[in-house]
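First residue of the sequence shown? That's 76 in our numbering, and the numbers climb one at a time after it.
What follows is a set of notes on a single structure, which appears directly below.
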Amino acid sequence: MTAKVSLYEIVIVPGGAAQHYWREIWRYRELFQVLAWRDVAIRYKQTAIGVAWAVVRPLVTMVVFTLVFSRLAKLPSDGGVPYAVMVFAAVLPWTFFSTALSDASNSLVGNANLIGKTYFPRLIVPVAAILAALVDFGIGLLILAGIMIWFGVVPGWQILFLPVVVVAVILVTLGPGLWITAVNVRYRDFRYVVPFLVQLGLYISPVGFSSAVVPEKWRLLYSVNPMVGVIDAFRWCIFGAVSPLYWPGLGLGFLVMVFGLGLGLRQFRKLEKSFADLL
């Protein structure tokens, strides 16, 4: 009687671990939907007016910014577009960015019990928090459509590029969101830094005014803030040629977005193995 000997050859493929990681994310893809809808439900749980906050917040911001920048500061609009419509078109992407960034930064800490007991790619948690903000964003788009009808603003063919800009908003948020949520697990005082940064970003981004009012010699430097390009592109999709794009700034903003996304992913993957121990 002879024994059979099986020989196995182990092949180590460069980047194999990373490929396996992304396959795992696809395997757990349904978890994105579960966590996102849970985050939406928790956000408005035990609130007096519920989802109506998704309507009140951008409308109040629009009114305040219109009064301050149009009535008091006398800043011009883009190509004769009603100032309130121009502001609301910027409030939508900014509100998504600020809400998603704040929710993502605390997502791992808020799901400490889930992370400590169950295995799944941790990247799903902050990404689901960011995607949950799309619900409010969709409601805001409906409000914007109603405001445009009220003021008689008709979009042009540029509206076809709006889905591309929405993806850009998500990617701009994802980079810093991943970096901050990973660092926040180790240094909990980052949760106090994020609201300050979001508040500061509101005033240095062209939400209440057109970026065209920035002097030409400073405009490229101003575009280092990637939300400048995103907001300009969003307005271009809505208003067309009357709100022209500043292409050098748009290109610079794209490079900053790619750099931020790469940095966020790298930092998150670097600290991911220690999340369960730190939480």
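Using N, Cα and C, we set each Cβ at its ideal position, and we do this for glycine too.
Remark: three or more beta-carbon pairs, one from each stretch, lie closer than 8 angstroms, so the segment 197-216 and the segment 99-119 are flagged as touching. Within the segment 245-329, the runs of alpha helix (DSSP H) at least 4 residues long that lie entirely inside it are, in chain order, 265-279, 291-297, 301-314. Three or more beta-carbon pairs separated by less than 8 angstroms are not found between the segment 271-280 and the segment 141-149, which leaves the two stretches without contact. In the DSSP assignment, Y158 falls within the unbroken alpha helix (DSSP H) covering 158-180.
In chain order, P133, T136, M137, F140, G215, V282 place their CB closer than 8 angstroms to the CB of V166, counting only its own chain and leaving out the 5 sequence neighbours on each side.
For P201, the enclosing alpha helix (DSSP H) begins and ends at 199-226.
For F212 and P168, the gap between their C-alpha atoms comes out near 8 angstroms.
Ranked by Cα distance from F334, the options A308, V229, P301 are led by P301.
In this structure, A164 and L198 do not form a Cβ contact; the two beta carbons are roughly 31 angstroms apart against a cut-off of 8 angstroms. For F284, same chain residues with a beta-carbon under 7 angstroms away, outside a window of 5 residues either side, are F144, L150 in chain order. Taking the Cα of W254 as reference, the smallest distance to any Cα among G328, A116, E347 is reached at E347. Distances from the alpha-carbon of W322 to those of Q342, R104, V299, L338 put V299 closest. The beta carbons of P251 and S177 sit no closer together than 9 angstroms. For E105, the enclosing alpha helix (DSSP H) has its first and last residue at 104-118.
For K192, the three-state secondary structure derived from DSSP is helix.
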